[in-house]
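Undergrad: Got a structure for you, questions after.
Protein chains: 2
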Amino acid sequence: MRKILLKVQFLGTNYCGWQYQEGLPTIQGELERAIFETTGEHVSCASSGRTDAGVHAIAMPVVFETNTRIISGNIYKAINAYLPTDIRVLSSMEVEGDFHPRFDCVGKTYAYHFYVSNIPLPYLSSTQAYIVPPFNFELARSVLPHFRGKHDWVGFASAKIEVSSTIRTIKRISLSRAGENQYCLRVSGDGFLYNMVRIIAGTIIEVGQGKINSADIPAIIASKDRSRAGKTAPAVGLVLESVDY
Amino acid sequence: MRKILLKVQFLGTNYCGWQYQEGLPTIQGELERAIFETTGEHVSCASSGRTDAGVHAIAMPVVFETNTRIISGNIYKAINAYLPTDIRVLSSMEVEGDFHPRFDCVGKTYAYHFYVSNIPLPYLSSTQAYIVPPFNFELARSVLPHFRGKHDWVGFASAKIEVSSTIRTIKRISLSRAGENQYCLRVSGDGFLYNMVRIIAGTIIEVGQGKINSADIPAIIASKDRSRAGKTAPAVGLVLESVDY
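Sequence lines, in order, name chains C and G. Each residue of the first sequence is one higher than the one before, starting from 1 at the first, in our numbering. Each residue of the second sequence is one higher than the one before, starting from 246 at the first, in our numbering.
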């Protein structure tokens with residue numbers, strides 16, 4: 001058996017997230033079906049983590065084991081022939097048998113894209129979240145340093161989480177202009193809790209909108225109280241950019 | 246009767262272009278239906294021009310006549326309630342009875358967005374065309390000056406055109422980087438023939454790909470021969486940005 005690592009890009013709009021669910025369109029379900037069409041094998045795909053319904057990925061690492069004779073570096077081309085156009089495998093390579101895309105991960109980078117407008121803008125709506133004005137970019141950016149470093153992020157996680165530790169380290173966080181009234185929040189860390197990036201994005205956006213006082217951010221993080229952080233920002237703006245090993 | 250000017254944004258992906266076609270999804274068809282739902286009137290919408298299937302618009306001017314009592318500046322909100330989410334009216338205002346969005350137009354700006362990749366990238370595919378490498382950005386940009394100014398563009402138009410003159414003036418044309426391996430060609434002119442922007446884009450892209458010799462561009466324009474220009478670039482990359490009066 002060889003273990004194959006795929007890098008997968010997808011537009012999450014039409015999917016109920018990564019994880020296989022009977023009868024529903026999922027990224028895992030589509031990949032396992034396409035790999036079966038390619039190799040004749042019923043495989044189980046493991047990814048660097050789950051993504052929610054509507055969330056996108058630029059390059060999600062996915063592994064599976066196979067006895068196919070197809071050359072490792074060519075497997076992605078064969079799989080793509082059986083995938084819908086909103087999911088594409090960018091590359092394939094053989095990895096060590098003990099490699100695991102989730103447990104061996106040492107860092108991830110997510111971007112959260114949003115635009116500020118009085119009404120939703122269809123041209124931007126495939127990959128950007130819609131935020132109503134006012135939005136003070138400099139004010140939103142001023143709170144970023146508080147998010148850097150090692151914290152207990154339990155107050156920035158969905159109640160659904162089941163993990164042994166809620167301590168995570170944010171290595172880098174930036175907010176930049178990405179066009180007229182368009183912005184990109186980019187966050188890199190050693191890992192993220194369920195919904196953590198979307199709650200961080202929602203909190204920083206609410207600072208920019210004047211709904212959360214920027215001076216309260218250190219206390220909100222320290223409180224570990226989900227009710228004090230901002231709303232979970234919509235899935236459409238979130239994209240997994242890269243995963244480091 | 247009041248004449249109302251709308252500014253309309255749409256993601257053209259799911260539509261067979263602007264012009265009404267019986268039984269097919271079109272921008273005009275959706276707007277006329279939504280205006281009927283709003284006012285009870287069967288109106289005929291006129292736009293600044295037709296857009297092809299799959300082409301997008303940031304702000305397309307559209308007019309119609311109405312006896313509704315709704316305040317002119319609020320009509321767009323009412324219409325939006327009856328439109329699918331991939332079409333949004335951004336604003337509405339009353340204009341003079343003799344205003345025509347096509348005949349009174351003095352200039353239009355289109356952008357053509359594309360990315361260079363060995364395989365199609367789903368995350369970019371909603372609004373950008375997919376171009377295979379190589380692509381030499383500086384070489385593509387070097388031919389832009391030849392496209393500026395007044396020319397007979399009959400060689401850069403679809404055979405389907407029915408116009409009295411094929412002479413048009415390109416006022417501005419630029420090619421810029423818009424992200425990693427992503428580019429934007431922006432063209433402003435006093436008017437464009439059918440498919441003209443997409444053929445100009447296709448020609449400049451083929452120069453960047455080395456398929457057309459950059460030194461041949463003046464002769465290709467002067468030849469007025471459609472077969473010498475590049476291919477018509479895919480609709481998905483094209484967006485009508487603005488129309489001037």
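All C-beta atoms, glycine included, are put in the ideal place defined by N, C-alpha and C.
Quick one: is residue 543 of chain G near chain C, going by C-beta distance under 8 Å?
TA: The question about residue 543 of chain G has no answer, for chain G in this structure spans 246 to 490.
Undergrad: Under 8 Å between the Cβ atoms of residue 205 of chain C and residue 114 of chain C?
TA: Yes, these two residues count as a Cβ contact at 8 Å.
Undergrad: So what does DSSP say about residue 271 of chain G, is it helix, strand or coil?
TA: Residue 271 of chain G: coil per DSSP, three-state reduction.
Undergrad: Leaving out five residues on either side along the sequence, give the residues of the same chain with a beta carbon under 8 Å from the beta carbon of residue 102 of chain C.
TA: Cβ neighbours of residue 102 of chain C beyond the five flanking positions: 46, 47, 48 and 49.
Undergrad: Assign residue 321 of chain G to one of three DSSP states: helix, strand, or coil.
TA: Helix at residue 321 of chain G.
Undergrad: Relative to the C-alpha of residue 263 of chain C, which candidate in C:107, C:157 and C:86 has its C-alpha closest?
TA: Nothing about residue 263 of chain C can be reported from this structure: the residues present for chain C run from 1 to 245 only.
Undergrad: If you measure beta-carbon to beta-carbon, which residues of the stretch 111-132 of chain C are closer than 8 Å to chain G?
TA: Within the stretch 111-132 of chain C, the qualifying residues are 119, 120, 121, 122, 123, 125, 126 and 127.
Undergrad: Would you call the stretch 133-142 of chain C and the stretch 201-217 of chain C in contact, with 3 or more CB pairs under 8 Å?
TA: Taking 8 Å as the limit for Cβ pairs, the verdict is that the stretch 201-217 of chain C does touch the stretch 133-142 of chain C.
Undergrad: Rounded C-beta distance between residue 119 of chain C and residue 278 of chain G? I'm assuming under 8 Å.
TA: Contact flag wrong, Cβ pair sits at about 19 Å.
Undergrad: Just curious, the beta strand (DSSP E) that residue 68 of chain C is in, first and last residue?
TA: Neither: residue 68 of chain C is in no beta strand (DSSP E) and is coded neither H nor E.
Undergrad: Against residue 255 of chain G, what residues of chain C qualify as contacts under a CB-to-CB distance less than 9 Å, listed in chain order?
TA: The contacting residues are 122 and 123.
Undergrad: For residue 166 of chain C, I'd like the list of residues in its chain whose CB is within less than 7 Å of its CB, leaving aside the five on either flank, ordered along the chain.
TA: Answer for residue 166 of chain C: 152, 153, 154, 157 and 193, listed in chain order.
Undergrad: Consult DSSP for residue 467 of chain G and reduce its assignment to one of helix, strand or coil.
TA: Residue state, collapsed to three classes: helix.
Undergrad: If you measure beta-carbon to beta-carbon, which residues of the stretch 379-406 of chain G are closer than 9 Å to chain C?
TA: For the stretch 379-406 of chain G, which is checked against every Cβ of chain C, not one residue is closer than 9 Å.
Undergrad: Consult DSSP for residue 396 of chain G and reduce its assignment to one of helix, strand or coil.
TA: Three-state DSSP puts residue 396 of chain G in a strand.
Undergrad: Specify, as a first and last residue, the run of the alpha helix (DSSP H) that residue 246 of chain C falls within.
TA: Because chain C here runs from 1 to 245, residue 246 of chain C falls outside it and cannot be looked at.
Undergrad: Can you list, in chain order, the residues of its chain with a C-beta nearer than 6 Å to that of residue 27 of chain C? Leave out the 5 residues immediately preceding and following it.
TA: The answer, listed in chain order, is 10, 15 and 18.
Undergrad: Can you have a look at residue 461 of chain G and say buried or exposed, based on whether 16 or more other CB atoms are within 10 angstroms of its CB?
TA: When all chains shown are included, residue 461 of chain G counts as exposed.
Undergrad: Roughly how many whole angstroms lie between the Cα atoms of residue 98 of chain C and residue 387 of chain G?
TA: In a straight line, the C-alpha of residue 98 of chain C is about 51 Å away from that of residue 387 of chain G.
Undergrad: Could you work out which residue in G:415, G:341, G:336 and G:252 is closest to residue 307 of chain G when comparing CA atoms only?
TA: Checking every option, the nearest Cα to that of residue 307 of chain G belongs to G:252.
Undergrad: Give the C-beta separation of residue 233 of chain C and residue 129 of chain C to the nearest angstrom, bearing in mind that I take them to be a contact with Cβ-Cβ under 8 Å.
TA: Rounded, the Cβ-Cβ distance is 6 Å, consistent with contact.
Undergrad: Counting along the chain, where does the alpha helix (DSSP H) carrying residue 198 of chain C start and finish?
TA: First-last of the alpha helix (DSSP H) with residue 198 of chain C: 196-208.
Undergrad: Can you give the Cα-Cα distance for residue 284 of chain G and residue 331 of chain G, rounded to whole angstroms?
TA: Their Cα atoms are separated by approximately 21 Å.
Undergrad: Compute the Euclidean distance between the alpha carbons of residue 80 of chain C and residue 108 of chain C, then round it to the nearest angstrom.
TA: Roughly 25 Å separates the two Cα atoms.
Undergrad: Straight-line CA distance for residue 258 of chain G to residue 164 of chain C?
TA: The alpha-carbon atoms of residue 258 of chain G and residue 164 of chain C are separated by roughly 45 Å.
Undergrad: So what does DSSP say about residue 301 of chain G, is it helix, strand or coil?
TA: In this structure, residue 301 of chain G counts as strand in the three-state DSSP scheme.
Undergrad: Determine which residues share a DSSP beta bridge with residue 113 of chain C and list them.
TA: C:184, per the DSSP bridge assignment.
Undergrad: Roughly how many angstroms separate the alpha carbons of residue 147 of chain C and residue 94 of chain C, rounded to a whole number?
TA: So the alpha carbons of these two residues sit roughly 37 Å apart.
Undergrad: Please classify residue 309 of chain G as buried or exposed, where buried requires at least 16 other C-beta atoms within 10 Å of its C-beta.
TA: Buried.
Undergrad: Starting from the Cα of residue 162 of chain C, find the closest Cα among C:184, C:242, C:145 and C:195 and give me that residue.
TA: When only C-alpha atoms are compared, the closest one is C:195.
Undergrad: Taking DSSP as the reference, what is the three-state secondary structure of residue 473 of chain G?
TA: In the structure shown, residue 473 of chain G sits in a helix (DSSP, three-state: H, G or I).
Undergrad: Starting from residue 255 of chain G, follow the beta strand (DSSP E) in both directions and report where the run begins and ends.
TA: Where residue 255 of chain G is concerned, the enclosing beta strand (DSSP E) stretches over 247-255.
Undergrad: Please check the pair residue 185 of chain C and residue 56 of chain C, which I expect to be a contact at CB under 8 Å, by giving their CB distance rounded to whole angstroms.
TA: Not quite, the Cβ-Cβ distance comes to about 15 Å (not below 8 Å), so this is no contact.
Undergrad: Kindly say whether residue 58 of chain C, judged by its beta-carbon, lies nearer than 8 Å to any beta-carbon of chain G.
TA: Output row for residue 58 of chain C: interface = yes.
Undergrad: So residue 485 of chain G and residue 305 of chain G are supposed to be a Cβ contact under 8 Å. How far apart are they, rounded?
TA: Between residue 305 of chain G and residue 485 of chain G the Cβ distance is about 6 Å, and since that is below 8 Å, they are a contact.
Undergrad: If you measure beta-carbon to beta-carbon, which residues of the stretch 315-340 of chain G are closer than 8 Å to chain C?
TA: The stretch 315-340 of chain G vs chain C, Cβ under 8 Å: 325, 330, 331, 332, 333 and 335.
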